[in-house]
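*Asks:*
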Amino acid sequence: MLKAVVTDLNELDEGLRGYYVAKDGKFFLNVTPVEGFQLDNTQGLKTALGAERNNVSVLQAQLKPYEGLDVAAAKTAIERIAAFGDITPEAAKQAVETAARLTALDPEKQAEQIANTKLDTIKGQLSAQYNLKETEWSTKVKGLEDTNASLVGQLKKIKGESLIQSEVAKANPLDDARDAVELLVGKFVRTSLKDGEVVTEVIDTNGNPRIKDVNGTPFTVADLVNEIREKSASLFKPDEKRGLGTNPGNQGGAAPAGGVVNPWAAETRNITQQMVLENTKPELAKQLKAAAGVTD
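Be aware that the sequence shown starts at 321, since it is given in the working numbering, and climbs by one per residue.
Written as structure tokens, this is what we have:
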């Protein structure tokens, strides 16, 4: 039996190859259409037919609930409902009840009661509107306050960190100790908002602002960094006047590890640096303690 399409003529007997023509990298049986019959790819038509049949089934399912519905009656009902606009069933019920109550009253004998009823209705409407607006404004104000607090917090953090990084950089810390020094300084720096401006102040361990003298001169971040450098000189690079390659506080004791003098060694013992390294670089701290023969 002849195949409608082949990809290689060598699959066919030599006598049959003349009945095929090449097209799009394949070989199609060359058939002349007669009385509506022809060789064609029906896959696309089958797919389209299947899709249409599926659409018809979906539409029939959607129309199922409306079988037997009178179109004219439905249109009239929709128009009548539309005439009520935005009136809800609950509002309509209340209106009918109010109208019935007012109709039953005698205007001559109960004029004051009628007036009071109308006044109460108006008060209720105004109160509902006022409460709604008050709630909306309260929500908006709360949102603005939260946003403002968040932005102020971010600004305080950025300004504080920027000042600390700047002053620590001026003190020329060791590369491996920079983060530790910044962390140590940050524990005693507080930012706050005063008169619409973000201010930074140095505090003591009790959270009180530090001063330098009896005149009340504020203790600055730069002063704090210099104080830390004097107490923990091994965290900073030496000044040129002290000689190249010599770390302050290192007098031939324990050799530096990763650029940091071993604070656990007997000759270079430094409790402040020990705490900093244990909090920021626990692995390095463990190595230095082992090198100094210190066990927990």
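Ideal Cβ positions, reconstructed from N, Cα and C, are used throughout, including at glycine.
Would you report the Cα separation of LEU503 and ALA585, rounded to the nearest angstrom?
*Replies:* Residue numbering aside, residue 503 sits at position 183 when the sequence shown is read from its first letter. Residue numbering aside, residue 585 sits at position 265 when the sequence shown is read from its first letter. For LEU503 and ALA585, the distance between alpha carbons rounds to 23 Å.
*Asks:* Can you check the segment 486-574 for any alpha helix (DSSP H) of at least 4 residues that lies completely inside it and give the ranges in chain order?
*Replies:* 498-506, 541-551
*Asks:* What three-state label does DSSP hand ALA585 in the structure shown?
*Replies:* For the purposes of this step, residue 585 is identified with residue 265 of the sequence shown, where counting begins at 1. Three-state DSSP puts ALA585 in coil, outside helix and strand.
*Asks:* Could you say which of GLY335, ASP333, ASP328 lies nearest to ASP344 if we only look at CA atoms?
*Replies:* As a working note, residue 344 is residue 24 in the sequence shown. Minimum Cα distance to ASP344 is reached at ASP328.
*Asks:* Return the Cβ separation of LEU483 and THR537 in integer angstroms, given the expectation that the two are a contact with Cβ distance under 8 Å.
*Replies:* Stepping through the sequence shown from its first residue, residue 483 is reached at position 163. Stepping through the sequence shown from its first residue, residue 537 is reached at position 217. Not a contact, Cβ separation roughly 18 Å.
*Asks:* If you run the structure through DSSP and keep just helix, strand and coil, what is VAL351?
*Replies:* Numbered from 1 along the sequence shown, position 31 holds the residue referred to as residue 351. If DSSP states are grouped into helix, strand and coil, VAL351 belongs with coil.
*Asks:* Apply the 10 Å Cβ neighbour rule to LYS609 and answer buried if 16 or more other Cβ atoms are within range, or exposed otherwise.
*Replies:* Translated into positions along the sequence shown, residue 609 becomes position 289. LYS609 is buried by the Cβ-count criterion.
*Asks:* Between the C-alpha atoms of PRO529 and GLU487, what's the straight-line distance to the nearest angstrom?
*Replies:* Position 209 of the sequence shown holds residue 529. Position 167 of the sequence shown holds residue 487. Distance between the alpha carbons of PRO529 and GLU487: 19 Å.
*Asks:* With the cut-off set at 8 Å, would you say PHE539 and ILE548 are in Cβ contact?
*Replies:* For the purposes of this step, residue 539 is taken as the residue at position 219 of the sequence shown. For the purposes of this step, residue 548 is taken as the residue at position 228 of the sequence shown. No.
*Asks:* Identify which residue in ALA419, ALA553, THR441, SER447 has its Cα closest to the Cα of ASN590.
*Replies:* Here residue 590 is taken as the residue at index 270 of the sequence shown, counted from 1. Residue ALA553 is the option with its Cα nearest to ASN590.
*Asks:* Around the C-beta of TYR340, are 16 or more other C-beta atoms found within 10 angstroms, so that it is buried, or is it exposed?
*Replies:* Counting from one through the sequence shown, the residue named residue 340 turns up at place 20. By the C-beta density criterion, TYR340 is buried, having at least 16 other C-beta atoms within 10 angstroms.
*Asks:* Can you tell me whether ALA324 is helix, strand or coil according to DSSP?
*Replies:* Position 4 of the sequence shown, counted from the first residue, corresponds to residue 324. Under the three-state reduction of DSSP output, ALA324 falls in the coil class, being neither helix nor strand.
*Asks:* To the nearest angstrom, how far is it from the Cα of LYS557 to the Cα of VAL545?
*Replies:* In the sequence shown, counting from the first residue as 1, residue 557 sits at position 237. In the sequence shown, counting from the first residue as 1, residue 545 sits at position 225. C-alpha separation (whole angstroms): 14 Å.
*Asks:* Candidates VAL325, LYS606, LEU555, VAL354: which alpha carbon is nearest PRO493's?
*Replies:* Taking the sequence shown and counting its residues from 1, one reaches residue 493 at position 173. If we check each option's Cα against that of PRO493, LEU555 comes out closest.
*Asks:* Since VAL341 sits in a beta bridge, which residues does DSSP pair it with?
*Replies:* For the purposes of this step, residue 341 is identified with residue 21 of the sequence shown, where counting begins at 1. Answer is PHE348.
*Asks:* Could you check if PRO583 belongs to the surroundings of the ligand NAP, using beta carbon to heavy atom distance under 7 Å?
*Replies:* Inclusion of the ligand NAP in the displayed structure is not the case, the ligand content being empty and no account of it being possible.
*Asks:* Count the other CB atoms, across all protein chains shown, that sit within 10 Å of the CB of VAL509; report buried if there are 16 or more and exposed otherwise.
*Replies:* On the sequence shown, residue 509 is found 189 positions in, with the first residue counted as 1. Under this definition VAL509 is a buried residue.
*Asks:* How would you label THR588, buried or exposed, when you count the other beta carbons within 10 angstroms and need 16 or more for buried?
*Replies:* For the purposes of this step, residue 588 is taken as the residue at position 268 of the sequence shown. Buried, because 16 or more other Cβ atoms sit within 10 Å of the Cβ of THR588.
*Asks:* For ALA342 and VAL326, I'd like the C-alpha separation in whole angstroms.
*Replies:* As a working note, residue 342 is residue 22 in the sequence shown. As a working note, residue 326 is residue 6 in the sequence shown. Each residue's Cα considered, the two are about 10 Å apart.
*Asks:* Output the distance between the C-alpha atoms of ASN599 and ILE478, rounded to the nearest integer angstrom.
*Replies:* Numbered from its first residue, the sequence shown carries residue 599 at position 279. Numbered from its first residue, the sequence shown carries residue 478 at position 158. If you take the alpha carbons of ASN599 and ILE478, they lie about 23 Å apart.
*Asks:* Please state whether the Cβ-Cβ distance between PRO583 and GLN593 is less than 8 Å.
*Replies:* Within the sequence shown, numbered from 1, the residue matching residue 583 stands at position 263. Within the sequence shown, numbered from 1, the residue matching residue 593 stands at position 273. Their beta carbons are under 8 Å apart, which means PRO583 touches GLN593 by this criterion.
*Asks:* For the alpha helix (DSSP H) containing LYS395, list its first residue and its last residue.
*Replies:* As a position in the sequence shown, residue 395 is number 75, starting the count at 1. Segment 391-402, the alpha helix (DSSP H) holding LYS395.
*Asks:* Determine contact between the segment 460-469 and the segment 434-449, defined as no fewer than three beta-carbon pairs at a distance below 8 Å.
*Replies:* With a cut-off of 8 Å, the segment 434-449 and the segment 460-469 do not count as touching, because too few Cβ pairs lie within range.
*Asks:* I need the DSSP call for GLY578, collapsed to helix, strand or coil.
*Replies:* Along the sequence shown, one-based indexing puts residue 578 at 258. In this predicted model, GLY578 has a pLDDT of only 45, less than 50, meaning its place in the structure is not dependable; the value taken from the coordinates is given anyway. Here GLY578 sits in coil by DSSP.
*Asks:* Go ahead and label GLY480 buried or exposed: buried means 16 or more other beta carbons lie within 10 angstroms of its beta carbon, across all protein chains shown.
*Replies:* As a first step, residue 480 must be located in the sequence shown, where it is residue number 160. GLY480 should be labelled buried.
*Asks:* Assign LEU597 to one of two classes, buried (16 or more other C-beta atoms within 10 Å of its C-beta) or exposed (fewer than that).
*Replies:* As a first step, residue 597 must be located in the sequence shown, where it is residue number 277. Looking at its Cβ environment, which holds 16 or more other Cβ atoms inside 10 Å, LEU597 is buried.
*Asks:* When burial is assigned at 16 or more other CB atoms within 10 Å of the CB, is PHE357 buried or exposed?
*Replies:* Position 37 of the sequence shown, counted from the start, is the residue given in the question as residue 357. By the 10 Å Cβ count, PHE357 comes out exposed.
*Asks:* Label ARG562 either buried or exposed according to how many other C-beta atoms from any shown protein chain fall within 10 Å of its C-beta, with 16 as the threshold for buried.
*Replies:* Indexing the sequence shown from 1 puts residue 562 at position 242. Any answer about ARG562 is weak, because its pLDDT of 38 lies below 50 and its placement is not dependable; what the coordinates show is given next. With fewer than 16 other Cβ atoms within 10 Å, it is exposed.
*Asks:* Under the assumption that LEU475 contacts VAL505 (Cβ atoms under 8 Å), give the Cβ distance between them as a whole number of angstroms.
*Replies:* For this step, residue 475 is matched to residue 155 along the sequence shown. For this step, residue 505 is matched to residue 185 along the sequence shown. The C-beta distance from LEU475 to VAL505 rounds to 19 Å, too long to meet the 8 Å contact threshold.
*Asks:* I need the boundaries of the alpha helix (DSSP H) containing THR592, first residue and last residue.
*Replies:* Within the sequence shown, residue 592 is the residue found at index 272, counting from 1. Counting along the chain, the alpha helix (DSSP H) containing THR592 begins and ends at 591-600.
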